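S.K.: First, the structure itself, so that you have it in front of you.
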Amino acid sequence: MSAQQTFSSGSTPGTAGSLGNRPGSAAKPLRWAADAVAMMREGARVRLDYSTQSLWRVDRMIEEIRREGAPYAAVEGALRGFGAYGGEVVVRWAGGEWVESGGGYWVRTWDGRFWDPLDEARRCFAGEGSLRLLCHDAMPSG
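Following UniProt numbering, the numbering of the sequence shown begins with 1 at its first residue and continues without gaps.
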């Protein structure tokens with residue numbers, strides 16, 4: 001299953017990426033992302049700055065956790081945080097917004113596409129995904 005789906009939307013490019021007036025659906029993903037930033041800074045001494053380049057470090061960290069053989073149940077919360085961080089990078093850099101639907105959280109980008117960064121982090125842990133590539137795919141082309 002792809003981490004991206006297309007739906008129609010009337011959103012305007014760049015309007016939801018600002019940090020000011022955020023919808024209530026963003027509260028949990030923002031908290032999870034902030035927790036991931038703190039965990040990386042304090043535990044791994046890696047600084048995450050919500051840049052698109054920082055997703056390379058997140059992908060590498062998930063890969064290292066997988067290689068260490070950690071059971072999914074033990075890292076589920078961290079993966080949720082990494083996915084939320086990746087989603088927040090998309091929101092900030094690709095003009096998106098968090099949307100809560102069916103008990104899950106998605107990012108809707110300016111062009112009406114929906115992305116599932118939380119699932120992409122799980123896919124990355126399984127060796128099949130990449131938050132960096134998800135962000136790249138979500139960016140406006142040109």
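Ideal Cβ placement from N, Cα and C applies to all residues, glycine included. Since we're looking at a predicted model, the values are computed, not measured.
What residue range is occupied by the uninterrupted alpha helix (DSSP H) comprising valine 99?
M.R.: No alpha helix (DSSP H) holds valine 99; the beta strand (DSSP E) holding it covers 96 to 101.
S.K.: Does the pairing of the region 85 to 95 with the region 110 to 119 give three or more beta-carbon distances under 8 Å?
M.R.: At 8 Å Cβ cutoff, the stretches touch.
S.K.: Under 8 Å, do residue 153 and leucine 55 count as touching if we go by C-beta distance?
M.R.: Since the first and last residues shown for the chain are 1 and 142, residue 153 lies out of range.
S.K.: So which of Gly81, Ala36 and Trp106 has the shortest CA-CA distance to serine 25?
M.R.: Checked all of Gly81, Ala36 and Trp106; the closest Cα to serine 25 is Trp106.
S.K.: Going by DSSP in three states, serine 2 sits in which element: helix, strand or coil?
M.R.: Caution applies to serine 2, whose pLDDT of 48 falls short of 50 and renders its modelled position unreliable; the value that the coordinates give is listed next. Of the three classes helix, strand and coil, the one that applies to serine 2 here is coil, per DSSP.
S.K.: By DSSP, does alanine 16 sit in helix, in strand, or in coil?
M.R.: Because the pLDDT at alanine 16 is just 38, under 50, the model does not fix this residue reliably, and the point stays unresolved.
S.K.: Take valine 37 and list the residues in its own chain whose beta-carbon comes closer than 6 Å to its own, dropping the five residues that flank it on each side.
M.R.: Contacts found: Leu48.
S.K.: Is it true that the CB of arginine 31 sits closer than 8 Å to the CB of leucine 79?
M.R.: Cβ distance not < 8 Å, so leucine 79 and arginine 31 don't count as in contact.
S.K.: Going by CA-CA distance only, name the one from Arg41, Ser141 and Asp35 that's closest to tryptophan 93.
M.R.: Answer by Cα proximity: Ser141.
S.K.: Would you give the residue range spanned by the beta strand (DSSP E) that tryptophan 106 belongs to?
M.R.: First-last of the beta strand (DSSP E) with tryptophan 106: 104 to 109.
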